[in-house]
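Trainee: After the structure tokens below, expect a handful of questions from me.
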């Protein structure tokens, strides 16, 4: 028996809200990293990823308006925390900044996959599906970029990885509902 319309509508609004929050957080992290990245090559790498995140953010901002969804009330917190994570990781060097990127993007790729699975089953015609698939591919590219830029050589790689992933899972859970 198909789920009632309102359940799917609520789920779609939740997807839009949490993705908007994630893309918002990603762009402030990259802005923080750029603040302390001195090497021009590294700045260009971060700027390219930032530009993709801004494109994703713009899409979800439009979806919030189009679907009469609401953003998470936690955006001010994500703004401060994300920027600080970017500043600290950028100040510790490109390897640490890339370790943060790799850790976050691994969580986001999995998170997007869950949404893709949901939409394929419950709302295959939803115009969100191809965009989320594309954004997932972009985030997967960021993982490869991070690895190519020696994320795994950071002295902080293992502890940072656990911490950042834990923060991401918590932010996703909270942003869905609040």
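Residue numbers (this note's numbering): 28 to 205. Yeah, the Cβ is synthetic: ideal placement off N, Cα and C, and Gly gets one too.
Taking residue 165 as the reference, give the member of 129, 199, 144, 183 with the closest Cα.
Mentor: Closest option to residue 165, Cα to Cα, is 129.
Trainee: Near residue 45, what residues of its chain come up, given a Cβ to Cβ distance below 7 angstroms and the 5 sequence neighbours on each side ignored?
Mentor: Hits under 7 angstroms: 199, 202, 203.
Trainee: Could you tell me the boundaries of the alpha helix (DSSP H) in which residue 84 lies?
Mentor: 67-94 is the extent of the alpha helix (DSSP H) around residue 84.
Trainee: Consult DSSP for residue 99 and reduce its assignment to one of helix, strand or coil.
Mentor: The answer is coil: DSSP assigns residue 99 none of H, G, I, E or B.
Trainee: Below 8 angstroms on the Cβ atoms is my guess for residue 54 versus residue 81; work out the distance and round it to an integer in Å.
Mentor: Contact flag correct, Cβ pair sits at about 6 angstroms.
Trainee: Helix, strand or coil for residue 119 per DSSP?
Mentor: Coil, per DSSP.
Trainee: Under the rule that 16 or more other beta-carbon atoms within 10 Å means buried, what is residue 87, buried or exposed?
Mentor: Classification for residue 87: buried.
Trainee: Starting from residue 192 and walking both ways along the alpha helix (DSSP H), at which residues does that stretch end?
Mentor: Note, residue 192: alpha helix (DSSP H), 184-204.
Trainee: When you compare each of 177, 133, 160 to residue 189 by their alpha carbons, which one comes out closest?
Mentor: The option with the nearest alpha carbon to residue 189 is 133.
Trainee: What is the C-beta distance between residue 109 and residue 72, in whole angstroms, given that I count them as a contact (C-beta under 8 angstroms)?
Mentor: Not really, about 18 angstroms apart at Cβ, beyond 8 angstroms.
Trainee: Going by DSSP, what residue range makes up the alpha helix (DSSP H) through residue 165?
Mentor: Residues 155-175.
Trainee: Is residue 77 closer than 9 angstroms to residue 51 when the C-beta atoms are compared?
Mentor: Against a cut-off of 9 angstroms, the Cβ pair of residue 77 and residue 51 comes out as no contact.
Trainee: Buried or exposed: which applies to residue 185, given that a residue is buried once 16 or more other Cβ atoms fall within 10 Å of its Cβ?
Mentor: By the 10 Å Cβ count, residue 185 comes out exposed.
Trainee: To the nearest angstrom, report how far apart residue 172 and residue 153 are at their CA atoms.
Mentor: Rounded to whole angstroms, residue 172 to residue 153 spans 30 angstroms at the Cα level.
Trainee: Determine the direct distance from the alpha carbon of residue 135 to that of residue 191, and round the result to whole angstroms.
Mentor: Taking the straight line joining both Cα atoms gives about 12 angstroms.
Trainee: By DSSP, does residue 133 sit in helix, in strand, or in coil?
Mentor: Looking at residue 133 - three-state DSSP - the assignment turns out to be helix.
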